[in-house]
Amino acid sequence: MSVQPALIAEGIDAAATLENSRARRASNRGRIGNERSSWPLTIVLILAAVTVIVPLYVTVSMAFKTQAQAVDGNAFSLPAPFSLDGFITAWTLTDFPKAFLVSVLVTAGSVAGTVVLGALASFAISRNWDRRLFRWSFFYLLAAMFIPFPVVALPQVQLTGLAGLDNPVGVTILHIMFQLSFSILLFTAFLRSIPAELEESARIDGATTWQTFWKLIFPLLAPMSATVGIFAFLASWNDYMMPSLITSDPGLQTLPVVQAIFQTQFSNNYNVSFASYLMAMAPAIVVYLFTQRWVMEGVTQGAVKG
Amino acid sequence: MTTMTSAPPTRAATKDDHPVAHAAVARRRRKVEGIYYAFLLPSLILFTLAITVPAVIGIFFSFTNSIGFGDWEFVGLINYVAMFSDPAILQSYLFTFGFAAVTVVIVNVLAFLLAVGLTSRIKLKTGLRAVFVIPMVVSGIIIAYVFNFLFSNSLPIFGQQVGIGWLSESILANPDLAWTAIVLVTAWQAIPGTLLIYIAGLLSIPGDVYEAADIDGAAKRQQLLRITLPLVAGYVVINVILGFKNFLNAYDVIVGLTNGGPGTATRSIPMTIVTGFTGGDYAYQMANAAMFFVIVVVVSVVQLRLTRGRNEL
């Protein structure tokens, strides 16, 4: 849920700031020339950043404690002695390999589905904008932005049950559908910036629409696909509400959902629960560290690349 | 400026504004290649089955007395009428709207100030930005579990040491204070997205504006209030609307922190809707969901109108 604002930010960029890009670059230069770095401000911001770090530090330090040290309630002490017991117990307790695999499959499916379906539909829509069906489809698919999951949760749970999709496959499909409007918004904005001559020359060379899309358009969409994909990844990997309601078999739950075990049983094994939280969070943070350029550039620069 | 205050989706949506529409005029009367339908249909069909059909079925059952299975009959508007005198529903609306309003203010003020800081000339700019975005990529429920531990274990120990009564017990167990914990964790998670939007807004302001202000002798604080803030007004609108809508849908963080408790003090509207599975009042909660949907749409429209009107003054 928290990922959505960023996605819309790209909507802003894609739709509105394309023409501002030159002015923006000039502004950066202007301000850099005028002022010197401010140390007091930097220190204030570092202090603010500590509030971001503290919960993450607590998670890591708790995870490496022994159970005896973890129950003393001091969250901020360093692990002494350093222990991996939490991880070993958490690994079997939550059946980590299985939950991890389910999470990976759901997330991979959501990312691939969101990017491919979104790009295909956006291409068809933007190249046939003069046709009513395509124009209306655009607004129809975008309408999902006004339908949050809780509104349709009850009937969706019933229907996925009836259709035999009360499992990770159903979760994947629903993840794709709730991400689709954002990806179409971004892709159509980006597709408008691709010069028509490029496509025409491909067609003169004898390329079919299918070939034009896969050989020319889809590669050109790569920067947008990266952003769409990363936000689909984050939404899917971190989601709790949908898998917890849709998937009926507890043995097929994703990582965020299996953590509930520590709220009922084993609630005093803090080193175990924090080791488990860390293993569930770490992949998203690692992906972010490697893709932060895309995450932030996608938001702050959006369509400028076109 | 006009481009910024107008909402991007509608802008992209206006027919005349669409470059493709112009190109399309040239090739009117052509036949649409069949493959384009093949590109579009998978999305349309899946979307219809996954979202439209459930929405229609849900609205249909909101006029019945269905308990989710078995026989049912039409009961007209009874479910909708009953909601207005149901303390559980009213409380969840009061809580959710209050929580969303408070959180939206806190998130936007903090995110805007941080964005101003992060776009100023500072040291470690890249590193700091990278750190501030981290909460956006962390799972809401898991970070809520982490904060849950801090609120119910570490904070009370601190409270006992300092001797503050209300802090000596878990604030999550205090019906009057539990919501503050939810605001705090939700804000912690929502600030990065809001922050990035403000950074984009601040970077779109041309530098010459500030140069001119400097020459005219405007103080930095004046520049912030008189130049920066009005120029990013469009971004404020977007952030407030999106934030408010997101916070109305609060679920994961609340489940991880209080699970709606103590009692039902922090039960959000989505959490109430979901009780339709267990409480045997499927149709009733579907009416609640339909009402919630209408409110979400109305809130977006009203907010957009209000804030837009003010921009034009």
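These protein sequence lines map, in sequence, to chains A and B.
Take 0 as the starting number for the first sequence in numbering that gives the first Met the number 0 and just add one per residue.
Take 0 as the starting number for the second sequence in numbering that gives the first Met the number 0 and just add one per residue.
Note that CB positions come from ideal geometry on N, CA and C, so glycine has one too.
1. Taking C-beta pairs closer than 7 Å, name the residues in chain B that A:Gly72 reaches, listed in chain order.
2. Check the Cβ-Cβ distances between A:Arg131 and every residue of chain B, and say whether any is below 8 Å.
3. Count the other CB atoms within 10 Å of the CB of A:Ser60; is the residue buried (16 or more) or exposed (fewer)?
4. Looking at chain B, is there any beta carbon in it that lies within less than 8 Å of the beta carbon of A:Pro255?
5. From this set, A:Val271, A:Leu55, A:Leu44, which residue's C-alpha is nearest B:Phe146's C-alpha?
6. In or out: B:Ile44 buried (at least 16 other Cβ within 10 Å) or exposed?
7. Please go through the stretch 56-132 of chain A and give each complete alpha helix (DSSP H) segment of 4 or more residues, from N-terminal end onward.
8. B:Met285 CB to nearest chain A CB: under 8 Å?
9. Between the Cα of A:Gln258 and those of A:Ala89, A:Asp129, A:Ser37, A:Val43, spot the shortest distance and give me the residue it belongs to.
10. Please state the DSSP three-state secondary structure of B:Thr277.
11. If contact means a Cβ-Cβ distance below 7 Å, which residues of the stretch 157-189 of chain B contact chain A?
12. Alpha carbon to alpha carbon, how far is B:Tyr234 from B:Phe83?
13. Quick one: measure Cβ to Cβ for B:Val161 and B:Phe98, integer angstroms, because I've assumed they're closer than 8 Å.
14. Using only alpha-carbon positions, find the residue among B:Asp280, B:Leu154, B:Thr277, B:Val136 that is nearest to A:Val294.
15. Ordered along the chain, which non-local residues of its own chain (more than five positions away) have a Cβ less than 8 Å from that of B:Ile226?
16. Excluding the 5 residues preceding and the 5 following A:Val286 in the sequence, name in chain order all residues of the same chain whose CB lies nearer than 7 Å to its CB.
17. Using a Cβ-Cβ cut-off of 8 Å, state whether B:Val296 counts as contacting chain A.
18. Excluding the 5 residues flanking B:Tyr35 on each side, which residues of the same chain have their C-beta closer than 7 Å to its C-beta?
19. Using DSSP's beta-bridge definition, name the partner residues of A:Thr226.
20. Rounding to the nearest angstrom, what Cα-Cα distance links A:Arg30 and B:Val108 in this structure?
21. Using the beta-carbon of each residue, which ones in chain B are nearer than 7 Å to A:Leu140?
22. Kindly say whether B:Arg304, judged by its beta-carbon, lies nearer than 8 Å to any beta-carbon of chain A.
23. For the stretch 214-228 of chain A against the stretch 141-153 of chain A, do three or more pairs of beta-carbon atoms, one drawn from each stretch, fall closer than 8 Å, so that the two count as touching?
24. Under 8 Å by Cβ, that's how I've got B:Ala189 and B:Val106 pegged, so tell me the actual separation to the nearest angstrom.
25. Between B:Ala110 and B:Thr185, is the Cβ-Cβ spacing less than 8 Å?
26. Counting along the chain, where does the alpha helix (DSSP H) carrying B:Asn245 start and finish?
27. Determine the DSSP secondary structure at B:Thr63, reduced to helix, strand or coil.
28. Does the stretch 52-69 of chain B come within contact of the stretch 276-287 of chain B, defined as at least 3 CB pairs closer than 8 Å?
29. For B:Phe73, list the residues DSSP reports as bridge partners.
Let me lay it out:
1. Asn152, Ser153, Ile156
2. no
3. buried
4. yes
5. A:Leu55
6. The Cβ neighbour count for B:Ile44, taken over all protein chains shown within 10 Å, is under 16; the residue is labelled exposed.
7. 66-69, 84-92, 95-126
8. yes
9. Here the closest residue by C-alpha is A:Ala89.
10. Three-state DSSP puts B:Thr277 in coil, outside helix and strand.
11. The stretch 157-189 of chain B vs chain A, Cβ under 7 Å: Gln188, Ala189.
12. 36 Å
13. Not confirmed; about 28 Å, so no contact.
14. B:Val136
15. Ile204, Val208, Tyr209, Ala212, Ala217
16. Phe232
17. yes
18. none
19. In the DSSP output, where bridge partners are listed per residue, A:Thr226 has none listed.
20. Low confidence applies here, because A:Arg30 scores a pLDDT of 47, under 50, leaving its location unreliable; read the following figure in that light. For A:Arg30 and B:Val108, the distance between alpha carbons rounds to 23 Å.
21. Neighbours of A:Leu140 on chain B, chain order: Ser42, Phe46.
22. no
23. no
24. Approximately 5 Å separates the beta-carbon atoms of B:Ala189 and B:Val106; this is inside 8 Å, confirming the contact.
25. No. Outside cutoff.
26. 232-247 is the span of the alpha helix (DSSP H), which, as asked, contains B:Asn245.
27. strand
28. As far as the Cβ criterion goes, the stretch 52-69 of chain B touches the stretch 276-287 of chain B, which means the pair count is three or higher.
29. B:Thr63
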